[in-house]
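First up is the structure itself, then whatever we jot down about it.
There are 2 protein chains.
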Amino acid sequence: MTHSSGPDEKVLLARAYLSAVVEPPAPAVIRLIEEHGAVAAADLVAEGEFPRDVAEEVEARRSHVSGARLLEHAQRCGVRLLGPEHDAWPGRHMAALARATDLGMEKLVAPVALWCRGTATEIFAEPSVALVGTRAATGYGENVAAELGYGLGTAGVGVLSGAAYGIDGAAHRGALAGGGSTVAVLACGPDRDYPAGHARLLGEIAERGLVLSEYAPGTPPRKHRFLVRNRLIAALAEGTVVVEAGLRSGAANTAATTDSLGNPVMAIPGPVSSANSAGCHELIRSNGGILVTGVNEVLEVVLGVGKAPEAGGGTPQRSTDGIDGNAKRVCDSLHFGRARHVEQLVLETGLPERTVLSCLTELEMSGLAVFGDEGWARCKQ
Amino acid sequence: MTHSSGPDEKVLLARAYLSAVVEPPAPAVIRLIEEHGAVAAADLVAEGEFPRDVAEEVEARRSHVSGARLLEHAQRCGVRLLGPEHDAWPGRHMAALARATDLGMEKLVAPVALWCRGTATEIFAEPSVALVGTRAATGYGENVAAELGYGLGTAGVGVLSGAAYGIDGAAHRGALAGGGSTVAVLACGPDRDYPAGHARLLGEIAERGLVLSEYAPGTPPRKHRFLVRNRLIAALAEGTVVVEAGLRSGAANTAATTDSLGNPVMAIPGPVSSANSAGCHELIRSNGGILVTGVNEVLEVVLGVGKAPEAGGGTPQRSTDGIDGNAKRVCDSLHFGRARHVEQLVLETGLPERTVLSCLTELEMSGLAVFGDEGWARCKQ
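Here the protein sequences line up with chains A and B, keeping their order. Under my numbering, think of the first position of the first sequence as 1, with each following residue one higher. Under my numbering, think of the first position of the second sequence as 382, with each following residue one higher.
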């Protein structure tokens, strides 16, 4: 991480200390830092001089944490601390959390710091999309997540996810395969390979993207930390795509947070018989989620209409495209093999003779009809 | 068909004649009938006394059709003519077509008559839903169509469709299996078993529901007639569900007509990798289509919220439901086998000791935690 202009050691120590003292979200401590600065806030906490709301957030651990030891430990495992004092801090994204806090959503408060494994903090300056979903994904869901990750990667849009099994893993892998950058936001210290089966994947992400967390190195994962973590996934992206999710899922929580932050929520449809798509369908039905079926539609939402690359294909064309309704009627009544007389066509189509005749001319010019000794027939194209 | 109060023979003859002279849609002839009545309108057409716009619609066949011969033929094949003069005429639904015509949508004009095979015209008085989709359906699509047909059938809601292979057939079969009534609207005479492979199905529909068409007995199916027919499917239902459809399909046409008539359009989602669901997704994305995943959601749309029977299941419940955030945090830090001290729990959760203690009491009362000689442990429920 090249902190072209970074804070001095005192600030790093203060942020490290405070980030490990609190169990996020910690709105009172964030307010204390805003008021006094990180260094003074850390001193106040360490010395026990703080208002009652701060006490709730710090008294359990304030005497048990050493910022210096944490920074040493972090350095040993290749993790660095990123705070608002760094140029690389994702300030634009974190401002959305601050606004939400101001609106009374205290649980969406910004983190004290971000602990980063990897150096690609330039990711924060580029657009990125969160791809989230269930761990117990189907093959369908994993395929779609990998395709989306790949497509975003090749389009130069970052992929954010949570490194879990299932959708998260497929999304990260797709992004890496597409040559794109990807960020894993963990619910434990960024040095912990969680889940264990994704140790190698996390290593690759750290090498080419970022593995980050607001939890200090060494912090184990806990259930509630996943929900708390989700706000960072929602905040760091321009929008969230739920690929597969049950009716009650962490992904639905990330989607709700995305919505609270004013960012677009997208969802991938799936079979109505799949419980793993029920959460996606519910988002589309009741919560304003945008149905998306592929990467171009996602790019349209997050970058704006027209910014997405042209889709191949488009609507299929037919040989009778461009000829009008009456001519189509006449064309329907022609046979490929057997020729027909104009009188037969008049009776069958119910069109006046002059209309049938002008339609036949039109069809002949389009190469759809041919006139021979026996009458009119349809042409193979 | 018990036409408790039906029109006299002259009116039947006139409607039969006019319905076979025109190739629908025929707005000028409908206007002529409205102005002069069916009998006088038929006389004017037969005698060649009509304005130019009527000429376009009648001159090809007016000298070749006999109403009497048609009615005889119809009787022989068990088909009866239903016109606006019959009590059983679906006037409420046809009024929607008339309104659309008044608004300039001439192609959505009402039919001259409906030729019916079967007697269950009371169907028109009950709510019904159109289930439409591609002929080349997947197993998924056919299953969903059959399930919806069955569910609507058991709920006493009629199922309208077009008797084609694929989605249509599955929808009709489901409705019959559910003991419900179903209506097949054909793009050919109602005496024609089209498609041939559905001859037996059409027989069952005629026996327990209705096979109907605006095309006189004997009329063969033609491509353009399917699109023209679709407006009747859209008009006769309270709403249309597109189960599976490609980007360019007859079902999309029925959906557009449904929307023009002011009725709700619903669509079933499917895998994004299925071309057969692309039309459904497009309806939801761009055309105001309502995503529905099952019969209860369809009933909610067409009958109104709260009218649909209660869905079984609902959101899954968990043992930690109803306990608050801090208690959940503490609960996460408890182990099932190994007991832990309060001090450990304080450090790990980052919560003040008094909060941890009150949470433990709450968890103990909920049966989630137990206190023993060694400290606190999680309880199996």
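Here a beta-carbon is modelled for each residue, glycine too, at the ideal position from N, C-alpha and C.
Chain B beta carbons: is any one of them nearer than 8 Å to that of residue i?
i	result
S249 of chain A	no
G209 of chain A	no
G294 of chain A	yes
R285 of chain A	yes
F371 of chain A	no
H341 of chain A	no
M365 of chain A	no
H64 of chain A	yes
K223 of chain A	yes
S333 of chain A	yes
V109 of chain A	no
L291 of chain A	yes
With a CB to CB cut of under 6 Å and the five nearest residues on each side skipped, what residues in its chain are close to residue i?
i	result
P220 of chain A	C188
V439 of chain B	V402 and V426
K761 of chain B	none
A311 of chain A	Caution applies to A311 of chain A, whose pLDDT of 46 falls short of 50 and renders its modelled position unreliable; the value that the coordinates give is listed next. If we look at A311 of chain A and ignore the five residues flanking it on each side, its Cβ neighbours are N296.
R442 of chain B	V402
A545 of chain B	R516
G83 of chain A	R15 and A113
G178 of chain A	Y150, G153 and T154
Going along chain A in order, which residues have a C-beta closer than 8 Å to the C-beta of residue i?
i	result
T638 of chain B	Near T638 of chain B there are no residues of chain A at all, since even the closest Cβ is about 15 Å away, more than 8 Å.
E404 of chain B	R329, T349, G350 and L351
Does DSSP classify residue i as helix, strand or coil?
i	result
A397 of chain B	helix
R248 of chain A	coil
S747 of chain B	coil
S667 of chain B	helix
R450 of chain B	helix
A184 of chain A	strand
L672 of chain B	strand
A26 of chain A	coil
S4 of chain A	Because the pLDDT of S4 of chain A is 47, which lies under 50, any placement of that residue in the model is unreliable, and the question is left without a value.
G756 of chain B	strand
R516 of chain B	coil
R721 of chain B	strand
E390 of chain B	helix
D191 of chain A	coil
A769 of chain B	With chain B covering 382 to 762 only, the question about residue 769 of chain B has no answer from this structure.
E466 of chain B	coil
R52 of chain A	helix
Return no unless some Cβ of chain A is closer than 8 Å to the Cβ of residue i.
i	result
Y531 of chain B	no
V622 of chain B	no
G693 of chain B	Residue placement at G693 of chain B cannot be trusted, given a pLDDT of 45 that sits under 50; what the coordinates show is reported in the next sentence. It does not: the Cβ of G693 of chain B has no partner Cβ on chain A nearer than 8 Å.
I649 of chain B	yes
H454 of chain B	no
V513 of chain B	no
H662 of chain B	yes
Going by DSSP, which residues form a beta bridge with residue i?
i	result
R498 of chain B	B:V460 and B:V592
T240 of chain A	A:A130 and A:V265
L160 of chain A	A:A130 and A:V183
Name the chain B residues that come within less than 8 Å of residue i, Cβ to Cβ?
i	result
R140 of chain A	Before going on, a small fix: residue 140 of chain A reads as Tyr here, not Arg. Ordered by position in chain B, the residues that pass the 8 Å Cβ test against Y140 of chain A are P652 and S654.
Can you pull the chain B residues whose beta carbon is under 7 Å from the beta carbon of residue i, in chain order?
i	result
R61 of chain A	L728 and G731
V30 of chain A	Note on identity: in this sequence residue 30 of chain A is Ile, with Val being the wrong assignment. Simply none; closest approach about 15 Å.
H172 of chain A	By Cβ distance, chain B contributes nothing, its closest Cβ being about 20 Å from H172 of chain A, past 7 Å.
Spatial neighbours of residue i within its chain, please: C-beta separation below 8 Å, excluding the five flanking residues on both sides.
i	result
P127 of chain A	V157, G158, E238, V302 and L303
R248 of chain A	G279
I30 of chain A	T101, V109, A110 and V112
Once the 5 residues before and after residue i are set aside, which same chain residues still bring their CB inside 7 Å of it?
i	result
A479 of chain B	A491
M486 of chain B	S641
A251 of chain A	V132, G133, T134, V242, A245 and G279
L769 of chain B	The shown model of chain B, from 382 to 762, leaves out residue 769 of chain B, and the question about it has no answer.
P781 of chain B	This structure does not reach residue 781 of chain B, given that chain B is present from 382 up to 762, and the question cannot be answered.
By the criterion of Cβ-Cβ separation under 9 Å, what are the contact partners of residue i in chain B?
i	result
L299 of chain A	Correct list: empty, because the minimum Cβ distance to chain B is about 14 Å.
E56 of chain A	L732, P733 and T736
V144 of chain A	P652, V653 and S654
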